[in-house]
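Here the protein sequences line up with chains A and B, keeping their order. Residue numbering for the first sequence follows the numbering used here, beginning at 1 and increasing consecutively. Residue numbering for the second sequence follows the numbering used here, beginning at 146 and increasing consecutively. Virtual Cβ for every residue (Gly too), placed ideally from N, Cα, C. All of these numbers come straight from a predicted model, not from anything done at the bench.
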Amino acid sequence: MSPMIESIINAIIGGVFIGAAASMLMLFTGRVAGISGIVGPLLQPKSGDVAWRLTFVAGLLAGGVALMAQNPAVFASPSTRSLFVVGVAGLVVGVGVRMGNGCTSGHGVCGLSRLSIRSQVATCVFMGTGFATATAIQIFNGGVL
Amino acid sequence: MKTNIAIFFSAFVFAIGLGISGMTDANKVIGFLNAAGDWDPALAFVMVGAIGAHLATFKLITNRPSPLFEAKFSVPTRNDIDARLVVGSGLFGIGWALGGFCPGPALVSSITGAPAALVFVGALLCGMALFHAGHKAWVATQSTEGQTA
Chain A
1 MSPMIESIIN AIIGGVFIGA AASMLMLFTG RVAGISGIVG PLLQPKSGDV
51 AWRLTFVAGL LAGGVALMAQ NPAVFASPST RSLFVVGVAG LVVGVGVRMG
101 NGCTSGHGVC GLSRLSIRSQ VATCVFMGTG FATATAIQIF NGGVL
Chain B
146 MKTNIAIFFS AFVFAIGLGI SGMTDANKVI GFLNAAGDWD PALAFVMVGA
196 IGAHLATFKL ITNRPSPLFE AKFSVPTRND IDARLVVGSG LFGIGWALGG
246 FCPGPALVSS ITGAPAALVF VGALLCGMAL FHAGHKAWVA TQSTEGQTA
């Protein structure tokens, strides 16, 4: 199988896991599986609203441990970005996802699946600025920053 | 307890999905977002799989009178498009392409101890806190203006 076909099949299978996980969280607790929407409020904790969020984060980290044990090759740090740029990126993402009320999971997966107009707009915008940014770095700086 | 096990399990499956799909590989993410290089379209199919699975089951789930372990569903119902949504999402996309990480994959990757993932997650939390503080200050000025007007 060509690497591209294999990569696409993995993307679909992984995607089904992500979508199924979002459906499980909705079925069990009625909540949206938006990562930034789950993590963000932990920084402004309200009593009675902390434990389930921490439990979710623990599940994510446990998933990371299992992935690391099974196939550490799924993890890769950006080889074309300096640590400084990665830090700036984290800061910009942190402000952006709280301002825009969601990220790839909350808007891109959960919101699009329930046909939310806000999530459709958000996803078009972040895909647009994402493509524009990475493509501009390629054109003006050879893909390295 | 069973609620927490269910939440933990959902998040665990979510993380496995991120790993299998390629989303925890920051180079792959950057290769997907970079249309001028050797474009790698595979990650577009993550959305296909994820939305397919979630869309197919969402109505069935929310047609129930309630979720299994909580009293009611907490699904966002807003449908207004405001500047905050557009600017915030725009910033998110820029940061995503700058670092190759979005919040979920970054958190999952942090367990590797890789400096990039740790720096990203630290900065992510700072950015979130920064927005919260800024928003709180802004709301305070708005309410003061409201009182004096």
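Legend entry - Where the alpha helix (DSSP H) through B/N179 begins and ends: It is not in any alpha helix (DSSP H) - B/N179 carries neither H nor E in the DSSP assignment.
Legend entry - Strand pairing of B/S219, partner residues [DSSP]: For B/S219, which the question treats as bridged, DSSP gives the partners A/R31.
Legend entry - Cross-strand partners of B/D170 (DSSP beta bridge): Bridge partners of B/D170 according to DSSP: A/A76.
Legend entry - Interface partners of A/V32 on chain B, CB under 9 Å: Simply S219, V220 and P221.
Legend entry - Any chain A beta carbon closer than 8 Å to B/S166: Yes, contact with chain A.
Inset, instruction - Using a Cβ-Cβ cut-off of 8 Å, state whether A/V97 counts as contacting chain B. - result: For A/V97, the closest Cβ of chain B is nearer than 8 Å.
Inset, instruction - Check whether the Cβ atoms of A/C110 and A/G34 lie closer than 8 Å to each other. - result: Going by C-beta atoms, A/C110 is nearer than 8 Å to A/G34.
Inset, instruction - Report yes if the CB atom of A/G30 is closer than 8 Å to the CB atom of B/K217, and no otherwise. - result: Yes. Within cutoff.
Legend entry - contact_flag[the region 59 to 69 of chain A, the region 229 to 244 of chain B] where n(CB pairs < 8 Å) is 3 or more: They do not touch, by the three-pair rule.
Inset, instruction - Indicate whether at least one CB of chain B lies closer than 8 Å to the CB of A/A147. - result: There is no way to answer for residue 147 of chain A, as the model of chain A reaches only from 1 to 145.
Inset, instruction - Select from B/G244, B/A242, B/S254 and B/F237 the residue whose C-alpha is nearest the C-alpha of A/N101. - result: Nearest C-alpha to A/N101: B/F237.
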